[in-house]
Each structure stands twice: as C-alpha cells, then as structure tokens.
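S.K.:
2 protein chains.
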Amino acid sequence: MSEPTPTPTPTPTQTQTRIPDLAARAAALDATDELGKLRDRFTLPDGVVYLDGNSLGALPATVAQTTADVVTRQWGELLIRSWDESDWWTAPERIGDKLAPLVGAAPGQVVVGDSTSVNLFKALVGAARLAAPGRTKMLVDAATFPTDGYIAASAARMTGLTATPVDPAHAAEAMDEDTAVVLLNHVDYRSGRLHDLPALTAAAHAAGAIMVWDLCHSAGALPVGLDAHAVDLAVGCTYKYLNGGPGSPAYLYIADRHQAAFDSPLPGWNGHADPFAMTPEFTPADGARRGRVGTPDILSMLALEASLDAWDGVSVAAVREKSLALTDFFLECVAAYVPEGRVEPVTPAEHDRRGSQVSLRTENAREVMRELIERGVIGDFRAPDVLRFGFTPLYVGFADAERAARSLGHIFG
Amino acid sequence: MSEPTPTPTPTPTQTQTRIPDLAARAAALDATDELGKLRDRFTLPDGVVYLDGNSLGALPATVAQTTADVVTRQWGELLIRSWDESDWWTAPERIGDKLAPLVGAAPGQVVVGDSTSVNLFKALVGAARLAAPGRTKMLVDAATFPTDGYIAASAARMTGLTATPVDPAHAAEAMDEDTAVVLLNHVDYRSGRLHDLPALTAAAHAAGAIMVWDLCHSAGALPVGLDAHAVDLAVGCTYKYLNGGPGSPAYLYIADRHQAAFDSPLPGWNGHADPFAMTPEFTPADGARRGRVGTPDILSMLALEASLDAWDGVSVAAVREKSLALTDFFLECVAAYVPEGRVEPVTPAEHDRRGSQVSLRTENAREVMRELIERGVIGDFRAPDVLRFGFTPLYVGFADAERAARSLGHIFG
Chain D
7 MSEPTPTPTP TPTQTQTRIP DLAARAAALD ATDELGKLRD RFTLPDGVVY LDGNSLGALP
67 ATVAQTTADV VTRQWGELLI RSWDESDWWT APERIGDKLA PLVGAAPGQV VVGDSTSVNL
127 FKALVGAARL AAPGRTKMLV DAATFPTDGY IAASAARMTG LTATPVDPAH AAEAMDEDTA
187 VVLLNHVDYR SGRLHDLPAL TAAAHAAGAI MVWDLCHSAG ALPVGLDAHA VDLAVGCTYK
247 YLNGGPGSPA YLYIADRHQA AFDSPLPGWN GHADPFAMTP EFTPADGARR GRVGTPDILS
307 MLALEASLDA WDGVSVAAVR EKSLALTDFF LECVAAYVPE GRVEPVTPAE HDRRGSQVSL
367 RTENAREVMR ELIERGVIGD FRAPDVLRFG FTPLYVGFAD AERAARSLGH IFG
Chain W
7 MSEPTPTPTP TPTQTQTRIP DLAARAAALD ATDELGKLRD RFTLPDGVVY LDGNSLGALP
67 ATVAQTTADV VTRQWGELLI RSWDESDWWT APERIGDKLA PLVGAAPGQV VVGDSTSVNL
127 FKALVGAARL AAPGRTKMLV DAATFPTDGY IAASAARMTG LTATPVDPAH AAEAMDEDTA
187 VVLLNHVDYR SGRLHDLPAL TAAAHAAGAI MVWDLCHSAG ALPVGLDAHA VDLAVGCTYK
247 YLNGGPGSPA YLYIADRHQA AFDSPLPGWN GHADPFAMTP EFTPADGARR GRVGTPDILS
307 MLALEASLDA WDGVSVAAVR EKSLALTDFF LECVAAYVPE GRVEPVTPAE HDRRGSQVSL
367 RTENAREVMR ELIERGVIGD FRAPDVLRFG FTPLYVGFAD AERAARSLGH IFG
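The listed protein sequences derive, respectively, from chains D and W. Going by the working numbering, 62 is the number at position 56 of the first sequence; the sequence numbering is gapless. Going by the working numbering, 99 is the number at position 93 of the second sequence; the sequence numbering is gapless.
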C-alpha cells in the first residue's frame, strides 16, 4: 500500500487539482478491497462516514433480530427456563471462546462479563496475588485511558503495592526485581500509538513480573497474539472494534498456566465450581469461569454474541493490512487537503507503532469536530486538542477516508 | 384477607368438595383486586402460572419496543451521538432515581449498574472505610444467598476485617463495640423470611456499626423505607420483583449523609467528577454517581428503564397488601389440596416475618418442581429440598395461586 506522502502540503490550487486523483485512487482501492463486501454485515446510516468505531462500533446487521428474540421469546415466553433452554447460563464462557481467536487465545481462557474497569480490578488484584512475594511495585502506563490508572491505584492500595506511572516507551527499563505487576495499553487511546506487546511482555517476564494488557484499542483491529507471546492476563472492551454495542460486556483473559492459582477479588457465585450447590464456602471453578462474578447481563451479552458473527471467515491479518492501508491513505489525503500547519499527526507514521486510528492535533479541536460531524463525518474529540479518527476495516472504505480528509480540508479552507 | 386455614388438612374426598369453593373464592378475589388490571402491563405466555418472579420477573409489555429502538435507531443510526442525544450517559443515575421511590429513597442516592455482587463489594468496602477506626468485625448473614458471603469474605480480607457469620434472627445480640459493618438480607432467598429492617438498622447504629442491606428479595414486593429507617448502604438486583430482564443491572444506595466520605474500591472513570477531563488523578463525583464504575451497559439499562414503567401509579403498600393476601390464600389452598405431611411450609406464617414467596419443604423437591413445570406451574427448586413459589402482585392473581396449589395436590394425589 501507499506510504505517507513525502511531498509538502499542497497549496489550495494544488489541492483542487489533486481531488480527482485521490477520489479516483479511493474508488480503485475500494474496488479491489477484499474486505469491502463486509460492510453489508453492518447497518450504517446513509450519507455518514463513520470514523468513531474506536469509541462505539457500528451495528452489525444480525443484532436487532437476535435482541428481539431474546426479549420476546427467550425472556417473555420461556422465562426462567431460558437459563438452561436458551443456554443463558454458559454465555460468558461460550462468548469468550467465540471472541478468543480475535485476540489469539485458545479456548477456555476468555470469559465475558462486567465492564473493562471491573475486569481490570480482577486482573490487577489477581496479578498481585500471582506475583512473587516481596515485590512492591505495580508499573502503570502513564498515558493510559484514565480508568485504568484509577483502578490500578485502588488495586495497588488494596494489595499493598505502590502504583508507579511509567512511559510505555520506556517501560522495559523500569522493570526490575521489585516489580510485581505491569499494566500497559496495547494501543494508546489518545495518540493511537501501538506498543510492542511481544517485547514488553518478554521484558516483564525477564524481570519476573506479571504482565497485564489492556486491549481496548487493539482487539479487532490488529493481531494481538495473547498465547503466542505468553501474556499472563488481559482485559478489553467489546464495544469498539468488536462492535458489541454501547457498554457491551468486557472480557478477561487468564492464561491457562495461571488459572489454578488465580485468586479473584470478586468471587461471585457465578465463579463458583458448583454455583447451585449454594455452599457457604467459595470453591473457585476451574478455567476462566472463575473470572465470572454475578449473574450475567443477558440482553447485552447475547447482542454481543450476535455481533461477533460479523467476523465469520475474516482474518485478523487481512484486517490489519487494510487498517494500515486506510490510515496511510487518510494521512496522505489529509496532507493533500488540509492547509499546511493546521493539523499535526500525533499517531506514529511507522506501521509497527500505529494502531487503527489517526489522531490529529489542532487548535479548536472541539469546534472542528463539531463541524465535521455536521458535515456527516463522525470522529471524536479528546481534550484538549486532539481529533480522533478510528478506522474499522470491516465497514470503513477508502472513499470514506478521502471524504473525511476532504471535509476536514473544507473546514480549514 | 383470609388467614391461613386452621382446619386440619382434608382427606381426598373433602378436597374434591372444596375445589369449587377455593376456585370460586379465587375468582371473587380476582374480581375485586384493584391491581388485577396491571397484568396487562406484562407479556405472559398463555396457560402458564408464573410463580418465579422472585428469580426472573416477567416481561413488561413496553420493553420489546424500547429495546428495538435502542438497537436500531439509537445505536444503529445515531451511533456515538446517542451518548448525549439519547441521554445514555446519565442513565445510571436517572434510572436510579426512577427506582428510588420503590425502596423509599429520595432522589440522588441510588445508582444503577454492574451486578449485585459487584455493588455489594463496593458497599462493603465502602462501609468498612466509613466505619469507626479500630473495629475489626464484619457480621454477615449466615443464611445469605451465597454470593453475599463470598463477596463479604473478600471485602473483609481486603480491608483487614474478620467476616463473622450471624443468624439474622439473633444479629442484634451479636452487634458490639467491635462491629464495623453488618450485612443482612431483607428477605431470605430460601425461606422467604422477612427480617426487621428498622429494628436491625437501629441496633447496628446503637452499636456504632454501618448497616448494609441486600434488597434482592424485597424490593418491588414490599415497602423498604431506606430513608425512613436511616439505612446506610444497600444493594439489590432489578431482575426479580422489579422485572428488569435477565441479569439486568443492579443498584447501589448510598445515603446522602455518607456520600461525601464514600470511598469506592472500584473508582472507574464513570464515577469521576469530570470524566472527560481524563485527568490522571481520581476525583470522585458528588452524590451517588461516585458509585458508578465503567461504561454503562446501555441495552440492558434502557430495557430496565422501560420495565419500570410497569410501576406507574402503583403503590408499594397496595402491592404488599395483595402479596400477603396471595401468599395467605396459596397456603390455604396448599393445606386444602396437598395430602397431610407431604409438604411443610418454611416461610413464616406471621405477616411481619414473611416476604413475597412461599417455600415448601418436601421430599424429591427437584422432581416435584419438574413435574409442576410440566403442568404449566413455574416455580423453582433450591437444594436440597425446597420448592419456592414467588408471588409478584403486579401479574399474579388468586386463580393462579389456586391452580398452582391444585397442581401440587395432583402430583401428590
């Protein structure tokens, strides 16, 4: 695919002459895009370019029918019997297994339920309890989406560790014999920067620490390889690149080798080896199921299950290839359409450091995004000065990228 | 209403002669039941007597349409804009306020989200941090639904307290100057026994302890009076007598006077004073909103919101009156229809000690319940020997109670 353009930002006159080139290029790229037909698996409003799938994924076409069935038949008619007859009870681990290939996990290690924040609390306290005794530090991604930092502070406080912020770019250097747990984001939510999961996991292990990854901004957009890289624990949401719906249940990955010792701070009855025995003592279930807590939220969970059908037959490697092509092309279009000096890319240009979004720093970013949305291009704004554009290869095409950049150019034109 | 029959259990011949009496009595009671028309607010399958609303409430008629709108329009068309335009963001406290009158709470003290187990962890750790320093004991309902005991053990372990099981009937005697926190169930899930919330709360306060109530089996079935009785903290689910749907979000009550000092172990970004400032330090929001954790589960939450419309204009006092009448009548019918010695009521006969269910102990309870369900009477079974029948006055009538008891009689006949 094309590399970021090395030419200087063109003048307005140049821009006008280049519009047909880029539009035609986009059309040609879309015509040969093997993932292009997947857009039919989603319901998107007409006339909208949706570049906010890194915040809320679009609606998969199968969800409405599933949800209606869950409400009217499974709940309304079968009522309590659906816990068995509609397989409600096993949904958290069944959907975990359905999601697992997207993050490179073999079956039996992923369980779905609760929010990302709650799962992170389980993972971090669990990690602290798995860590070698005597270690005192929890290294926490200093640029993290804030909830991770807040939850890490609480988990550290409640396990006697000290939470220490660390720049992910220099995290390996900070890992030492005093490090119990390391928490990093695979892709930074604000900058779109991709961190080196294999190398950082290996560094944590070399230091004898337990590695916890937050996959919110990478799962569904690029290969993660949890098993291949021997990650210990991981969490992520399902409402971004996985399109599970607003606030859909998050997930927890517990590597096979840690399951028997994983000691959850939230030992709810659903994580019990025999929940309906209703014994006063807690005996954790085998496998990832011990990461369950309370009664699963069935409407949202089964909507998520249906949404994952959009991945049938899709290769994450192909998604990654298209994602990089899209973000390259978008950066090229932005360079062509937006007057020089008005926006500054924050997302790294190097492919191996880029997630599936492009963040641009600009003045009046909040107002610029509002105007873009009025023009039918939906991205989002992150304080104080960042425009974010997320590229979901399952439903975003090259013409979308071209139109988004052109609209941005018009605002500055 | 009728009192439990003082006459001995009739012989089969007597039973046959009494059937018309009880059926006619049921019809007459239904005809004058002012809440009877509320059944139209629910979608129930034909031919089924549903007495398991204490496990999963029936489907309110408005939910299917709301859910379809949330999926297809709010998510599918408005996409990310719905966080503001469809008021998704404020749903946890808005629905908390909608639910609050049903548990006797003024606005601003109830927040909806997460599971009961997760909310209980927040409440118990929060309570331990509110408690007077130096106290070491957490008294925990010994007969509790098991998840409360498991979570209490974890909360105690993580706050340095010792969890001590206590028989709720003798809890007041166990409260002393060493008691930091008391956790009790308002209604016991197994026996249906109602505990004296006002007196036990007063006893906890007299001992200087923080009182936490689990309202899972009382909210929506009888008056709770959280504010009136100066309860400190409370949690409950919404999928039993509140009919919110399978695994619908639970709630947390934080009394006004404790909110400023409430220190959650799960300080997610949704509980931050200014979530979108995305600051590295956690500054808790004012009010019950500080009990929020991660991104709310919108599909389930808005289904719950719609389901609460079933309560429009309904008085909890009237619900309680009908509930007692229903359970009295059911007990009377059971005594009339079931041969002597085959079932033994576990639920107290005294009104002020009875929730909205009737539990009957019997041999082969699991098989008996299976047969009942085949006959269209849905209750549930709790190991090892209990049949549970929940009476939801919004959609259960006296003819239902009579038919259920009659079916039970046929099984033993």
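Think of the CB as a built atom: it goes at the ideal place given N, C-alpha and C, for glycine as much as any other residue.
Under DSSP, the alpha helix (DSSP H) around PRO98 (chain D) begins and ends at which residues?
M.R.: Segment 97 to 105, the alpha helix (DSSP H) holding PRO98 (chain D).
S.K.: Check whether the stretch 60 to 71 of chain D and the stretch 239 to 250 of chain D are in contact - that is, three or more C-beta pairs closer than 8 Å.
M.R.: Yes: at least three Cβ pairs fall under 8 Å.
S.K.: Pull up the CB-CB distance for VAL118 (chain W) and PRO255 (chain W), whole angstroms please, since I reckon it's below 8 Å.
M.R.: Rounded, the Cβ-Cβ distance is 5 Å, consistent with contact.
S.K.: Are the stretch 282 to 295 of chain W and the stretch 288 to 304 of chain D in contact at 8 Å, needing three or more beta carbon pairs?
M.R.: The stretch 282 to 295 of chain W is not in contact with the stretch 288 to 304 of chain D.
S.K.: Below 7 Å CB to CB, which residues in the same chain sit around ARG359 (chain D) once its five sequence neighbours on both sides are set aside?
M.R.: Closer than 7 Å at the Cβ level, and outside the excluded window around ARG359 (chain D), lie ARG199, LEU200.
S.K.: Considering only the alpha carbon of each residue, which of D:ALA279, D:ALA149, D:VAL325 lies closest to GLY362 (chain D)?
M.R.: The sequence as given places Ser at residue 362 (chain D); Gly does not occur at that position. The residue with the shortest Cα to Cα distance from SER362 (chain D) is D:VAL325.
S.K.: Are the C-beta of ALA169 (chain D) and some C-beta of chain W separated by less than 8 Å?
M.R.: Judged by the 8 Å Cβ criterion, ALA169 (chain D) is not in contact with chain W.
S.K.: Are any of the Cβ atoms in chain D nearer than 8 Å to that of SER365 (chain W)?
M.R.: With 8 Å as the cut-off, SER365 (chain W) does not count as an interface residue toward chain D.
S.K.: For the beta strand (DSSP E) that contains TYR257 (chain W), what are its first and last residues?
M.R.: Taken as a continuous stretch (DSSP letters only), the beta strand (DSSP E) holding TYR257 (chain W) covers 257 to 260.
S.K.: Quick check: the Cα distance between THR398 (chain W) and ALA215 (chain W), rounded to an integer number of angstroms?
M.R.: Their backbone Cα atoms lie some 33 Å apart in a straight line.
S.K.: My understanding is that GLY300 (chain W) touches THR153 (chain D), with C-beta atoms under 8 Å, so please give their C-beta distance in whole angstroms.
M.R.: 6 Å between Cβ atoms; contact.
S.K.: If we cut at 8 Å on Cβ distances, does GLY403 (chain D) have a partner in chain W?
M.R.: So, not an interface residue.
S.K.: Please specify which runs of the alpha helix (DSSP H), each continuous and at least 4 residues long, are wholly inside the stretch 202 to 261 of chain D, giving them in chain order.
M.R.: Runs found: 203 to 212.
S.K.: Report the three-state DSSP secondary structure of PRO14 (chain W) (helix, strand or coil).
M.R.: Residue placement at PRO14 (chain W) is poorly supported in this model, since its pLDDT is 45, which falls under 50; the coordinates still yield a value, given next. Coil.
S.K.: Within the 8 Å Cβ cut-off, does SER224 (chain D) reach chain W?
M.R.: Not an interface residue.
S.K.: Kindly indicate which residue of W:ARG348, W:ARG381, W:LEU378, W:THR72 has the alpha-carbon position closest to the one of GLU369 (chain W).
M.R.: When each option's Cα is compared against that of GLU369 (chain W), the closest is W:ARG348.
S.K.: When the cut-off is 8 Å and only beta carbons count, does MET144 (chain W) lie next to chain B?
M.R.: You won't find chain B in this structure, because its protein chains are D and W.
S.K.: So that I know if they touch, is there some Cβ in chain D lying closer than 8 Å to that of ILE157 (chain W)?
M.R.: Answer yes: the Cβ-Cβ gap between ILE157 (chain W) and chain D drops below 8 Å somewhere.
S.K.: Could you give the C-beta distance for SER306 (chain D) and LEU305 (chain W), rounded to a whole number, given that I count them as a contact under 8 Å?
M.R.: Correct: roughly 5 Å between the Cβ atoms.
S.K.: Buried or exposed, going by whether 16 or more other CB atoms sit within 10 Å of the CB of ASP90 (chain D)?
M.R.: Label assigned to ASP90 (chain D): exposed.
S.K.: So, with DSSP's three-state summary, where would you put GLN363 (chain D)?
M.R.: Here GLN363 (chain D) sits in strand by DSSP.
S.K.: Between the stretch 370 to 378 of chain W and the stretch 29 to 46 of chain W, are three or more C-beta pairs nearer than 8 Å?
M.R.: In short, these stretches do not touch, since the Cβ pair count stays below three.
S.K.: Could you name the residues of the stretch 72 to 87 of chain W whose beta carbon sits closer than 7 Å to any beta carbon of chain D, in the order they occur along the chain?
M.R.: Under the 7 Å Cβ criterion, the stretch 72 to 87 of chain W contributes THR73, ALA74, VAL77, THR78, TRP81, GLY82, GLU83, LEU85, ILE86.
S.K.: Below 7 Å on C-beta distance, what does VAL299 (chain W) contact in chain D?
M.R.: Within chain D, the residues near VAL299 (chain W) are SER121, SER123, VAL124.
S.K.: Identify the residues that DSSP records as bridge partners of VAL76 (chain W): which are they?
M.R.: Answer is none; VAL76 (chain W) lacks a bridge partner.
S.K.: What does the alpha-carbon distance come out to for the pair LEU65 (chain W) and ALA225 (chain W)?
M.R.: One C-alpha to the other measures close to 17 Å.
S.K.: Less than 8 Å between the beta carbons of GLY242 (chain D) and LEU228 (chain D), yes or no?
M.R.: No. Outside cutoff.
S.K.: Do TYR195 (chain D) and LEU232 (chain D) have their C-beta atoms closer together than 8 Å?
M.R.: Not closer than 8 Å, so no.
S.K.: Let me know the secondary structure DSSP gives ASN191 (chain D) once reduced to three states.
M.R.: Three-state result, ASN191 (chain D): strand.
S.K.: Report all residues from its chain with a CB closer than 8 Å to the CB of PHE93 (chain W); omit the five preceding and five following residues, and keep chain order.
M.R.: Per the sequence presented here, residue 93 (chain W) reads as Asp, with Phe not at that position. Taken in chain order, the residues that qualify are ARG100.
S.K.: Just list the residues that DSSP pairs HIS278 (chain D) with in beta bridges.
M.R.: Answer is D:PRO290, bridged to HIS278 (chain D).
S.K.: Between which two residues does the beta strand (DSSP E) carrying ALA169 (chain W) extend?
M.R.: It spans 168 to 172 - the beta strand (DSSP E) in which ALA169 (chain W) sits, taken as one unbroken run.
S.K.: Between the stretch 380 to 396 of chain D and the stretch 51 to 58 of chain D, can you find at least three pairs of beta-carbon atoms closer than 8 Å?
M.R.: Because the criterion of three Cβ pairs below 8 Å is met, the stretch 51 to 58 of chain D and the stretch 380 to 396 of chain D touch.
S.K.: Got a sec, what are the start and stop residues for the beta strand (DSSP E) ASP147 (chain D) sits in?
M.R.: Segment 143 to 147, the beta strand (DSSP E) holding ASP147 (chain D).
S.K.: When you compare each of D:GLU179, D:LEU190, D:ASP182 to ILE434 (chain D) by their alpha carbons, which one comes out closest?
M.R.: Since the first residue of chain D shown is 7 and the last is 419, residue 434 (chain D) is not available in this structure.
S.K.: Using beta carbons (cut-off 8 Å, strictly below), is TRP94 (chain W) in contact with chain D?
M.R.: Yes, because at least one Cβ of chain D sits closer than 8 Å to the Cβ of TRP94 (chain W).
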